[in-house]
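For reference, the structure discussed in these notes is given below.
In the UniProt record's numbering, the protein residues as written are 1 to 520.
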């Protein structure tokens, strides 16, 4: 079910019930926060009026609001980038919300192609076709709407012949050779699940139509500021970044590396990383541009400009996280950090052979040592989450530590931030945006805190004035002023969209938040 954890306490639910919940088409997708560029996936006119901020020129959504496009769809995972959400369905299809997953037109930024654009055919080189399948379809590729806004959503086809995984082989066989067996779950014959109907603010991302990899589908996703990576069922990495010329992803190759499987992917703010057994943590800061030949044969291949973090290949890496110009990872139960000069490596202004050695994050490791001494325990770090320069680290006995990237190795001695309400309180996941945080419990409850900038609504706690009025006597919140947002000091419960429902997964980035919810 994607990369996010499944909540709900196992003492209350067995594995069969957990599977039933996560594979249910009753799950609902919710988004809230800034509404700029349609990133919530719906028009404000489609959201309940009571969920929308009532002041300011720009209207935003302050309460979790259902993205109805995905109702009736089994949603496996949700991830958030700087300008859109990415939604992975149970059938391995990937969609993004908003007008684009990046800020604007294609550009040369890390971790995309830095020195040249991907090949794009000119108008003169495009052969004449009698008709286009939709306003997004051009020569078999779905093109994003760039910067357009509409007062209503127009449904478009979800696929075209060139994007189907495989044609039905029975169409070319005589009657005595027909295959009458039942289709596999991930096969290319007619699927039983309801289809996602694309709109102006929900668009499907496509995999390269490479005959070497039939019946491709996505099994895991991760999002950075203006880029997305995914693993397919062949253990290939596919990327969508600032260099893409369409909604078709780019197949990332690592020249010189041979591997059978990828353990995990992580999209940082301006770089990408994956962990491969016996090779280590592979980080790439840019890629080569897609050539005309690769474009025309539909392979869409690109070589990553990568490095391998020293001493991560022949040891146990429990988890890792990609941030902005750094990688955090847990090695032998302790927290380590590796710095990169991402822009310098991509531009050639910094010698890639002069990479720094990883170093321990002493403030966290010293805290863990003291914690174990004080409690006569053997706790270790097990999990990392984060966004930009902020991160969280979990221990195997329920402690949750927050931190922020510091500039130098010497500053790494700064101790972690400990929020009492998070400690040994069944927290299983923490996500964060620019200035706000959310935590998910194993009972399916959601808490949020931090700064809600310019009344963007990212905390999901409802209207600012009402929340401040309800908490005026307990020092939970500070009003940042008229027309501005609020600072919520303590984790506060986000009201469930329906009574007794449970949150199954959460995500956040920038001034936005989202989650997968199942009503009861």
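For every residue, glycine included, the Cβ atom is placed at its ideal position computed from N, Cα and C.
If you follow the beta strand (DSSP E) that residue i is in, where does it begin and where does it stop?
i           : result
residue 33  : 28–33
residue 303 : 301–308
residue 286 : 280–287
residue 509 : 502–509
residue 394 : 390–395
residue 339 : 334–339
residue 80  : 75–80
residue 318 : 317–322
residue 484 : Per DSSP, residue 484 belongs to no beta strand (DSSP E) and is neither H nor E.
residue 95  : 94–97
residue 479 : 477–479
residue 355 : Residue 355 -> no beta strand (DSSP E), and no H or E assigned at all.
residue 386 : 381–387
Count the other CB atoms within 10 Å of the CB of residue i; is the residue buried (16 or more) or exposed (fewer)?
i           : result
residue 208 : buried
residue 464 : buried
residue 332 : exposed
residue 390 : buried
residue 220 : buried
residue 315 : exposed
residue 226 : buried
residue 214 : exposed
residue 257 : exposed
residue 33  : buried
Can you round the beta-carbon distance between residue i and residue j to whole angstroms, since I take them to be within the 8 Å contact cut?
i           : j           : result
residue 263 : residue 276 : 7 Å
residue 359 : residue 306 : Contact flag wrong, Cβ pair sits at about 21 Å.
residue 513 : residue 458 : 5 Å
residue 515 : residue 64  : 7 Å
residue 87  : residue 29  : 6 Å
residue 38  : residue 99  : 5 Å
residue 35  : residue 60  : 5 Å
residue 363 : residue 415 : 5 Å
residue 424 : residue 398 : 4 Å
How many angstroms separate the CA atom of residue i from the CA atom of residue j?
i           : j           : result
residue 501 : residue 443 : 10 Å
residue 222 : residue 249 : 14 Å
residue 355 : residue 194 : 49 Å
residue 58  : residue 45  : 13 Å
residue 346 : residue 114 : 6 Å
residue 25  : residue 447 : 25 Å
residue 318 : residue 431 : 19 Å
residue 260 : residue 235 : 7 Å
residue 211 : residue 91  : 20 Å
residue 93  : residue 78  : 12 Å
residue 309 : residue 334 : 16 Å
residue 231 : residue 237 : 5 Å
residue 487 : residue 233 : 43 Å
residue 302 : residue 455 : 41 Å
residue 23  : residue 381 : 30 Å
residue 312 : residue 321 : 14 Å
residue 450 : residue 460 : 11 Å
residue 372 : residue 395 : 11 Å
residue 475 : residue 383 : 31 Å
residue 52  : residue 205 : 29 Å
residue 294 : residue 267 : 24 Å
residue 153 : residue 503 : With a pLDDT of 35 at residue 153, under the threshold of 50, the modelled position of this residue cannot be trusted; read the value that follows with caution. Taking the straight line from one Cα to the other gives about 28 Å.
residue 542 : residue 378 : Absent from the structure is residue 542, since the part of the chain shown begins at 1 and ends at 520.
residue 385 : residue 507 : 11 Å
residue 119 : residue 299 : 13 Å
residue 289 : residue 105 : 16 Å
residue 292 : residue 435 : 42 Å
residue 103 : residue 27  : 30 Å
residue 417 : residue 243 : 38 Å
residue 480 : residue 353 : 47 Å
residue 183 : residue 217 : Its pLDDT being 40, under 50, residue 183 is placed unreliably by the model, and the measurement read from it follows with that caveat. Distance between the alpha carbons of residue 183 and residue 217 is about 16 Å.
residue 510 : residue 80  : 9 Å
Along the chain, where does the alpha helix (DSSP H) that runs through residue i open and close?
i           : result
residue 344 : 342–347
residue 469 : 464–470
residue 419 : Where residue 419 is concerned, there is no enclosing alpha helix (DSSP H), given that its DSSP letter is neither H nor E.
residue 445 : Neither: residue 445 is in no alpha helix (DSSP H) and is coded neither H nor E.
residue 119 : Segment: none, residue 119 is in no alpha helix (DSSP H) and carries neither H nor E.
residue 294 : 292–296
Among all the DSSP beta bridges, which residues are the ones paired with residue i?
i           : result
residue 251 : 238 and 301
residue 430 : 439
residue 520 : Answer is none; residue 520 lacks a bridge partner.
residue 512 : 33 and 509
residue 521 : Since the first residue shown for the chain is 1 and the last is 520, residue 521 is missing from the structure and cannot be characterised.
residue 492 : 448
residue 399 : According to DSSP, residue 399 bridges with nothing at all.
residue 360 : 336
Using 6 Å as the cut-off, classify the Cβ of residue i as near or not near the heavy atoms of the ligand SAH, replying yes or no.
i          : result
residue 76 : Looking at this structure, you won't find the ligand SAH or any other ligand, since it has none at all.
Within 7 Å of any Cβ in chain B, is that where the Cβ of residue i sits?
i           : result
residue 122 : Included in the structure is just one protein chain, with no chain B present.
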